[in-house]
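Notes to accompany the following structure.
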Amino acid sequence: MENLIPIEKLIEENVRVKELDEQGFLIKIEKINEYLNEFKNRTTSFPNANLWKEKRVLITGISGFAGSHLAEQLLNLGCEVHGTIRRHAVPMHENI
Numbered sequence: 002m003e004n005l006i007p008i009e010k011l012i013e014e015n016v017r018v019k020e021l022d023e024q025g026f027l028i029k030i031e032k033i034n035e036y037l038n039e040f041k042n043r044t045t046s047f048p049n050a051n052l053w054k055e056k057r058v059l060i061t062g063i064s065g066f067a068g069s070h071l072a073e074q075l076l077n078l079g080c081e082v083h084g085t086i087r088r089h090a091v092p093m094h095e096n097i
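For the sequence shown, this note's numbering begins at 2 and goes up steadily by one.
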């Protein structure tokens with residue numbers, strides 16, 4: 002834990018960080034266990050595979066970082082995936 006960012010100094014110096022602290026978005030080290038326990042108890046929302054099976058999806062920017070990963074996940078869920086790409090991007094992405 003010695004590698005943590007000195008948040009108190011940042012709160013004093015940075016207006017935006019101070020705003021985030023006032024709004025409750027920063028996790029204080031003394032409350033880290035409380036936060037982690039709350040986080041463990043959250044229910045996650047995994048995509049329902051049956052919902053996506055045999056759906057046809059269009060992804061604009063499929064050759065980009067996010068688009069290519071989204072396409073891969075949708076294919077794994079059983080979607081028919083189509084996408085738009087930039088012409089120059091195709092040679093760089095063998096997975097497209």
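Note that the Cβ used here is the ideal one computed from N, Cα and C, for glycine as well.
Leaving out five residues before and five after Tyr36 in sequence, what residues of the same chain have Cβ atoms less than 6 Å from its Cβ?
So the qualifying residues of the chain are Ile28.
What are the boundary residues of the beta strand (DSSP E) that includes Glu31?
Looking at the DSSP string, Glu31 is not in any beta strand (DSSP E), and its letter there is neither H nor E.
Cα-Cα separation between Arg87 and Glu81, rounded to whole angstroms
Note on geometry: alpha-carbon atoms of Arg87 and Glu81 lie some 20 Å from one another.
Measure the Cβ-Cβ separation of Pro78 and Pro48 and say whether it is below 8 Å.
Looking at the sequence provided, one finds Leu at residue 78 rather than Pro. Taking a C-beta distance under 8 Å as the contact criterion, Leu78 and Pro48 qualify as a contact pair.
Assuming Leu75 and Trp53 form a contact by the criterion Cβ under 8 Å, report the distance between their Cβ atoms to the nearest whole angstrom.
The beta carbons of Leu75 and Trp53 sit about 7 Å from each other, so the pair counts as a contact at 8 Å.
Tell me which same chain residues have a C-beta within less than 6 Å of the C-beta of Thr85, skipping the five on either side of it?
In the same chain as Thr85, and ignoring 5 residues on each side of it, the C-beta atoms closer than 6 Å to its own belong to Thr61, in chain order.
With distance defined between alpha-carbon atoms, name the residue in Val18, Pro7, Leu59, Phe66 nearest to His83.
The alpha carbon of His83 has as its nearest neighbour, out of Val18, Pro7, Leu59, Phe66, the alpha carbon of Leu59.
Could you tell me whether any non-hydrogen atom of the ligand NAD is closer than 7 Å to the CB of Leu37?
The ligand NAD is absent from the structure shown, which contains no ligands of any kind.
Which first and last residues belong to the alpha helix (DSSP H) in which Glu23 is found?
It spans 16-23 - the alpha helix (DSSP H) in which Glu23 sits, taken as one unbroken run.
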